[in-house]
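**Student:** Sharing a structure with you now.
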Amino acid sequence: MVEKKEFSLNSDDYLNINLIDETTSDKHVRHLFDGDVSINNFKVKRIKTKIETKDKLGTIKVRLDIGRNDYAIPPGLYAIGNPDENSLVLATANYKLTIDSLRKELEGLNLWILVLDTKGINVWCAAGKGTFGTKEMINRINKTHLKELLKSRTIILPQLGASSMIAHIVTKITGFKLIYGPVRAKDIKKFLENNFKATEEMRRVTFNMYERLVLTPIEFVHTLRYYPFVFILLIILNTIIGKSNIGKIINVSFLNSFAYLIAAFIGTIIFPILLPYLPFKMFSSKGSVLGILWSVVFCLASNKFLFSGDVINLLGHSLIMTTIVSYLSMNFTGSTTFTSFSGVQKETTVSVPIMIATSVVGLILVILGIII
């Protein structure tokens with residue numbers, strides 16, 4: 278239970294109270310600030326609604342996993358337009374990409390933005406982890422002294438943040454009523470115009486091709502981290518085979534590794550595109566279909582990647598690459614809007630042992646292809 282604390286704006290200490298948590302760097306949002314809004318002797322930073330080039334470049338960077346873990350803004354209270362004590366409050370996460378998605382839809386509105394400390398992750402994932410939850414909501418309302426600053430007692434939350442928020446507890450402790458808004462920020466204006474009534478379309482969670490595609494670059498970049506290990510392993514294998522010229526070994530290993538890069542591309546880019554159209558329910562099984570198809574193409578075109586035509590060797594590499602595609606496909610369960618924790622657990626329990634077995638068998642076959 279969170280204890281309610283009394284606070285008075287007449288206190289001599291009010292000037293020392295920060296409405297923004299300065300323990301988190303504001304380097305990603307300094308260019309967003311557009312003056313201040315005064316409210317009961319306090320100054321609240323106003324955020325622009327226009328997306329600038331710097332924001333677009335930042336989006337590209339985090340999509341490529343560059344600075345992703347540091348792409349957050351200080352939690353606290355911000356203003357959009359010229360809100361007053363009667364204006365509504367929208368709550369969101371402190372992931373900069375989430376802030377951008379929200380603010381660009383708020384042009385012409387006068388609102389308060391209550392940014393919760395979600396450790397720099399989006400609303401949906403933060404709700405799953407509990408950081409966009411009841412405790413943090415109560416904590417942020419108290420820290421920003423929202424009850425004393427505003428007469429309005431309504432906070433609108435994104436629908437995807439509902440899973441870890443107990444609305445009646447927040448209302449009981451803080452006096453603020455929580456209303457769940459639409460899934461997408463682009464529907465906020467219409468939601469407000471409809472007196473907080475959401476249409477069926479506003480409530481529907483989608484996962485179309487574009488929504489899947491924007492998630493793929495970071496998945497592929499993550500996978501590239503393991504490329505040096507594959508390259509080194511191929512160098513070792515080609516050295517064992519007997520290729521004495523170091524230049525030739527590196528050249529052959531480099532072309533060999535391209536087959537594995539394509540497998541990674543299929544598992545992280547092609548799989549999300551084809552997700553709804555592939556057979557089977559489990560993602561790992563769906564991925565295996567693509568892995569097998571790629572293995573067939575690989576075997577037919579093995580000379581293009583400078584692999585020997587040895588059947589055992591090719592079968593070994595095919596098993597390993599099929600496993601890679603299957604594993605990367607299974608990883609995508611964490612990015613979807615329709616998989617459950619229990620379902621993912623079950624699939625992992627069933628699929629991972631099979632993947633380990635096929636990888637080991639594949640490696641043994643590759644080694645046998647060298648020895649025999």
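Start counting the sequence shown at 278; every next residue gets the next number (this note's numbering).
Beta carbons are placed, not taken as given, at the ideal position from N, Cα and C, and that holds for glycine.
Given the structure is predicted, the values throughout are model-derived calculations rather than measurements.
1) How many Å lie between G524 and I641 at the Cα?
2) Determine the extent of the beta strand (DSSP E) in which R323 is found, giving its start and end residues.
3) Which residues does DSSP list as the beta-bridge partners of L259?
4) Let me confirm a value: P435 is counted as buried when at least 16 other C-beta atoms fall within 10 Å, else exposed. Which label applies?
5) Along the chain, where does the beta strand (DSSP E) that runs through A368 open and close?
6) So for F409, helix, strand or coil by DSSP?
7) Could you tell me the alpha carbon to alpha carbon distance between P630 and L492, rounded to whole angstroms?
8) Evaluate R502 with the Cβ neighbour count: other Cβ atoms within 10 Å of its Cβ, from every protein chain shown; 16 or more gives buried, anything less gives exposed.
9) With the cut-off set at 8 Å, would you say G646 and I589 are in Cβ contact?
10) Using the three-state DSSP reduction, which class does E280 fall into: helix, strand or coil?
11) Please find out if some non-hydrogen atom of the ligand MN comes closer than 7 Å to the beta-carbon of G519.
12) For the beta strand (DSSP E) holding D313, just list the boundary residues, first then last.
13) Could you give the DSSP three-state label for I456: helix, strand or coil?
14) With distances taken between CB atoms, is the gap from M414 to A356 smaller than 8 Å?
15) Can you tell me whether F506 is buried or exposed? The criterion is at least 16 other CB atoms within 10 Å of its CB, across all chains shown.
16) Report the rounded CA-to-CA distance for S636 versus P556, giving the unit in angstroms.
17) Pull up the distance between the alpha-carbon of I376 and that of A349, whole angstroms please.
18) Could you tell me whether the segment 548-566 touches the segment 603-622, using the rule of 3 or more Cβ pairs below 8 Å?
19) H308: buried (16+ other C-beta within 10 angstroms of its C-beta) or exposed?
20) Three-state secondary structure (DSSP) at Y537?
21) Are the CB atoms of V447 and L455 within a distance shorter than 8 Å?
22) Which class does I294 belong to by DSSP, given the choice of helix, strand or coil?
23) Suppose you measure from the CA of S585 to the CA of E488; what does that come to, to the nearest Å?
24) In the DSSP assignment, find the alpha helix (DSSP H) that holds G593 and state where it starts and stops.
25) Could you say which of A634, L354, C576 lies nearest to D394 if we only look at CA atoms?
26) By Cβ distance below 6 Å, which residues in the same chain neighbour N399 in space, the five residues on each side in sequence not counted?
27) Check for me: the beta strand (DSSP E) holding V392 runs from which residue to which?
**Tutor:** So, to answer that:
1) Counting only the Cα atoms, I641 lies some 27 Å from G524.
2) Unbroken beta strand (DSSP E) run through R323: 319-324.
3) Only positions 278 to 649 of the chain appear in this structure, which leaves residue 259 out of reach.
4) With 16 or more other Cβ atoms within 10 Å, it is buried.
5) Secondary structure note for A368: its beta strand (DSSP E) is the uninterrupted segment 366-369.
6) Coil.
7) When rounded, the distance between both Cα atoms is 27 Å.
8) Classification for R502: exposed.
9) Yes. Within cutoff.
10) Reliability of the predicted coordinates at E280 is poor, the pLDDT of 37 falling under 50, and the value obtained from them is presented with this limitation in mind. Residue state, collapsed to three classes: coil.
11) Within the structure as shown, the ligand MN is missing, as the structure has no ligands at all.
12) Note, D313: beta strand (DSSP E), 310-316.
13) Under the three-state reduction of DSSP, I456 is assigned to strand.
14) Not in contact: M414 and A356 (Cβ atoms no closer than 8 Å).
15) F506 should be labelled exposed.
16) Per the coordinates, the alpha-carbon of S636 lies some 23 Å from the alpha-carbon of P556.
17) Those two C-alpha atoms are separated by around 9 Å.
18) Between the segment 548-566 and the segment 603-622, the count of Cβ pairs shorter than 8 Å is three or higher; the stretches touch.
19) Exposed, because fewer than 16 other Cβ atoms sit within 10 Å of the Cβ of H308.
20) Looking at Y537 - three-state DSSP - the assignment turns out to be helix.
21) Remark: C-beta atoms of L455 and V447 approach each other more closely than 8 Å.
22) Residue placement at I294 is flagged as unreliable, the pLDDT there being 40, under the threshold of 50; the coordinate-derived value follows with that caveat. I294 falls in the coil class under three-state DSSP.
23) Cα-Cα distance, rounded: 40 Å.
24) Run containing G593: 588-608, per the alpha helix (DSSP H) assignment.
25) Selected option, being the one with the closest Cα: L354.
26) So the list reads A370, Y372, T375, once near-sequence residues are dropped.
27) Unbroken beta strand (DSSP E) run through V392: 388-392.
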